[in-house]
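Peer 1: For the sequence shown, numbering that gives the first Met the number 0 begins at 0 and goes up steadily by one.
In this text, a Cβ means the ideal position worked out from N, Cα and C, and glycines have one as well.
These figures come from a predicted structure and were not determined experimentally.
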Amino acid sequence: MEIVKAQSAGFCFGVKRALDTVYKELEKKPEHIYTYGPIIHNEIVVKELEDHNVVVIEEGEDLSKYEPGVIIIRSHGVPEQTILDLEERGFIVINATCPFVQKIQRSVKKYDLEDYRIIITGDINHPEVQGIIGWIGSKEYKVIKDVSEAEAISFEKGEKVCLVSQTTFNYKKFEDIVEIIRKKGYDLLCLNTICNATWERQKEAREIADKVDVMIVIGGKNSSNSQKLFEICKEKNEDTYFIQTVDDLDFSVLESIDSVGITAGASTPNKIIEEVQGTCQKKALNRCLKHQ
Ligand code: F3S
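Now the structure itself:
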């Protein structure tokens, strides 16, 4: 049985950096250490951190409940005011916002100050978008998720408009939206801020799912990017399975097949991916021995 593991499976650069930041801070043995929201969408990792006394402060929670200490901002980022509030309360803020997201935050802040109207393509309920909105001082912005919302935008002709995107937004959709906005006669500054990591992971998953007998997607059950990955693979391969850890794997699906593909969402630790891969390898070896 051939095992094809996606090169792009697992942590992206920004998530890895945020998690490494927490472990680096832990080494300094601070009296109190927190993350602002779960550092990644993976219960196993969050639980492991809890065992090291890393406490998750949920967004909007009453900060006075907590003794000030080190607090790490996750890769999605937060509004500027959140950082100021935390500092004012005496927390030492370690900003592990992904640099690609920080670039968007800096851009919207800058262009808003230069009187541009800001348009963000993305999901308004996503923490990354909420964070970006929090860097627009004037609150003059629009968040749009599709072409019909782009059509509905009605700023004055000639107005200065800065268009940015949530990092995980679909590139094709972004292009279609840009096309519509371009025709509206604004003084348009278009910044393509989509991050390649998600796109590459999805492309590779699609290709692998298309050529293997069984496809396994590993991810946290609350991770939307893992869920998306599962949907993409399922479209190409009916025999696609979503698991959180190797314990969820139904070994009977690996019986009498010639190939299995493995990919994983951006919040899946390497350790879990390796366990699944190792189990598939053992299974393949056993079958090989049986046939000798
Ligand atoms: Fe950053 Fe891209 Fe990951 S924006 S958090 S490297 S998906």
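Taking buried to mean at least 16 other C-beta atoms within 10 Å of its own C-beta, is E174 buried or exposed?
Peer 2: Numbered from its first residue, the sequence shown carries residue 174 at position 175. The residue in question, E174, is exposed, as its Cβ has fewer than 16 Cβ neighbours within 10 Å.
Peer 1: In or out: F168 buried (at least 16 other Cβ within 10 Å) or exposed?
Peer 2: Translated into positions along the sequence shown, residue 168 becomes position 169. Buried is the call here.
Peer 1: Alpha carbon to alpha carbon, what distance is there between N41 and K220?
Peer 2: If you number the sequence shown from 1, residue 220 lands on position 221. If you number the sequence shown from 1, residue 41 lands on position 42. Cα-Cα distance, rounded: 8 Å.
Peer 1: To test your reading of the DSSP string, which unbroken beta strand (DSSP E) runs of 3 or more residues are found completely within the segment 6-54?
Peer 2: Fully enclosed beta strand (DSSP E) runs of 3 or longer: 32-35.
Peer 1: Ends of the beta strand (DSSP E) at E1?
Peer 2: For this step, residue 1 is matched to residue 2 along the sequence shown. First-last of the beta strand (DSSP E) with E1: 1-4.
Peer 1: Let's test the definition: count the other Cβ atoms within 10 Å of the Cβ of K227 and tell me whether it reaches 16, buried, or not, exposed.
Peer 2: Residue numbering aside, residue 227 sits at position 228 when the sequence shown is read from its first letter. With 16 or more Cβ atoms within 10 Å of its Cβ, K227 is classed as buried.
Peer 1: Can you confirm whether the segment 108-116 touches the segment 129-137 when touching is taken to mean that 3 or more C-beta pairs between the two stretches lie within less than 8 Å?
Peer 2: Yes: the two stretches touch, three or more of their Cβ pairs being nearer than 8 Å.
Peer 1: According to DSSP, simplified to helix, strand and coil, what is Y140?
Peer 2: For the purposes of this step, residue 140 is taken as the residue at position 141 of the sequence shown. Here Y140 sits in strand by DSSP.
Peer 1: Is S74 near the ligand F3S, judged by its Cβ being under 6 Å from some heavy atom?
Peer 2: Within the sequence shown, numbered from 1, the residue matching residue 74 stands at position 75. Result yes, Cβ under 6 Å from the ligand F3S.
Peer 1: For F168, does the three-state DSSP call read helix, strand or coil?
Peer 2: Taking the first residue of the sequence shown as position 1, residue 168 is located at position 169. Looking at F168 - three-state DSSP - the assignment turns out to be coil, as it is neither helix nor strand.
Peer 1: Please go through the segment 172-245 and give each complete beta strand (DSSP E) segment of 3 or more residues, from N-terminal end onward.
Peer 2: Counting only runs of 3 or more, we get 186-189, 213-217, 239-242.
Peer 1: Suppose the cutoff is 7 Å on Cβ atoms and the five residues either side in sequence are ignored; what does the same chain contact list for Q276 look like?
Peer 2: Counting from one through the sequence shown, the residue named residue 276 turns up at place 277. Excluding residues within five positions, the ones whose Cβ falls inside 7 Å are I2, K4, I261.
Peer 1: Would you mind working out which of I118, Y240, Q165 sits nearest A149, comparing C-alpha positions?
Peer 2: Against the sequence shown, residue 149 aligns to sequence position 150. Measuring from the Cα of A149, the nearest candidate turns out to be I118.
Peer 1: Using only alpha-carbon positions, find the residue among I43, C161, S225, N94 that is nearest to K270.
Peer 2: Residue numbering aside, residue 270 sits at position 271 when the sequence shown is read from its first letter. For the residues I43, C161, S225, N94, the minimum Cα distance to K270 belongs to I43.
Peer 1: Just mark H51 as buried or exposed, buried being the case when its beta carbon has 16 or more other beta carbons within 10 Å.
Peer 2: Counting from one through the sequence shown, the residue named residue 51 turns up at place 52. With fewer than 16 other Cβ atoms within 10 Å, it is exposed.
Peer 1: Within the same chain, show all residues whose beta-carbon is closer than 8 Å to that of V252, passing over the 5 residues directly before and after it, in chain order.
Peer 2: Walking along the sequence shown from the start, residue 252 turns up at place 253. Excluding positions up to five away in sequence, the list reads V213, D238, Y240.
Peer 1: Given that a residue counts as buried once 16 or more other Cβ atoms are within 10 Å of its Cβ, and exposed if not, what is Y33?
Peer 2: On the sequence shown, residue 33 is found 34 positions in, with the first residue counted as 1. Buried: at least 16 other Cβ atoms inside 10 Å.
Peer 1: Buried or exposed: S311, going by 16 or more other Cβ atoms within 10 Å of its Cβ?
Peer 2: No answer is possible for residue 311: the residues shown for the chain start at 0 and end at 291.
Peer 1: What first and last residue would you give for the beta strand (DSSP E) that runs through R116?
Peer 2: Here residue 116 refers to the residue found at position 117 of the sequence shown. Start and end: 116-120.
Peer 1: In the DSSP assignment, find the unbroken alpha helix (DSSP H) run with A149 in it and report its ends.
Peer 2: In the sequence shown, residue 149 corresponds to position 150, counting from 1. From DSSP, the alpha helix (DSSP H) with A149 extends over 146-150.
Peer 1: Looking at the strands, I want to know which residues DSSP matches up with C279.
Peer 2: Along the sequence shown, one-based indexing puts residue 279 at 280. For C279, which the question treats as bridged, DSSP gives no partner whatsoever.
Peer 1: Using three-state DSSP, classify K64 as helix, strand or coil.
Peer 2: Sequence index remark: in the sequence shown, residue 64 carries index 65 (1-based). Helix.
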